[in-house]
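**Q**
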Amino acid sequence: MQRPSSVNPVEIPLLQKKRRDLILGRMLSRKFIDRDQFNLAKEVVVTGESFGPKITIEAEYIAEKIRAEIINRFGLKAYEEGMNVYTTIDSNMQTNAIKALRENLYKYDQKYGWRRTGFQRF
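Okay, structure coming up:
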């Protein structure tokens with residue numbers, strides 16, 4: 097398919113439907129499918145779903161550290177080539193650490209935090 101992004105069903109569903117119907121028409125004219133299959137296929141609703149990385153934990157700092165290390169090792173070509181990066185981050189431990197930090201930092205601030213009562217002149 098030429099320029100698949102131009103008929104991306106998530107971004108432009110109407111163009112995707114037109115493209116689908118065009119291809120079905122070609123398949124019918126070349127007898128790859130019969131009229132019933134053609135009609136049945138045209139009734140299918142064109143849908144699309146965006147599949148991005150599904151990151152379920154907050155780990156921005158370690159993610160940036162890993163990104164920097166990948167660039168350090170492989171250079172800018174790392175952005176152009178497909179790579180899979182595996183880490184030893186335990187998502188449960190990371191989630192619990194962030195939760196504990198937020199709760200206890202809030203408690204500490206409530207107990208010992210600096211509270212300005214008025215303006216001071218210097």
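Numbering (our numbering), first residue to last: 97 to 218.
Just so it is clear, CB atoms sit at the ideal spot from N, CA and C, and this is done for glycine as well.
Just so it is clear, the structure is predicted and the values come from calculations on it, not from any experiment.
Between the Cα of A159 and those of D132, G171, Q190, G144, spot the shortest distance and give me the residue it belongs to.
**A** Relative to the Cα of A159, the nearest Cα in the group D132, G171, Q190, G144 belongs to Q190.
**Q** With distances taken from CA atoms, which of V142, A155, L111 is nearest T184?
**A** A155
**Q** With DSSP collapsed to three states, give me the class of E159.
**A** In the sequence on display, residue 159 carries Ala and not Glu. Looking at A159 - three-state DSSP - the assignment turns out to be helix.
**Q** Taking a contact to mean a Cβ-Cβ separation below 8 Å, would you say A174 touches I166 in this structure?
**A** yes
**Q** Where does G209 sit, in a helix, a strand or coil, going by DSSP?
**A** coil
**Q** Determine the DSSP secondary structure at D130, reduced to helix, strand or coil.
**A** coil
**Q** Exposed or buried, Q133, counting other C-beta atoms within 10 Å across all chains shown (16 or more means buried)?
**A** Around the beta carbon of Q133, fewer than 16 other beta carbons lie within 10 angstroms, which makes this residue exposed.
**Q** Could you spell out the range, first to last residue, of the alpha helix (DSSP H) harbouring G121?
**A** 109-125
**Q** Please report how far the alpha carbon of Y204 lies from the alpha carbon of N192, in whole angstroms.
**A** 18 Å
**Q** Secondary structure at E176, three-state DSSP: helix, strand or coil?
**A** coil
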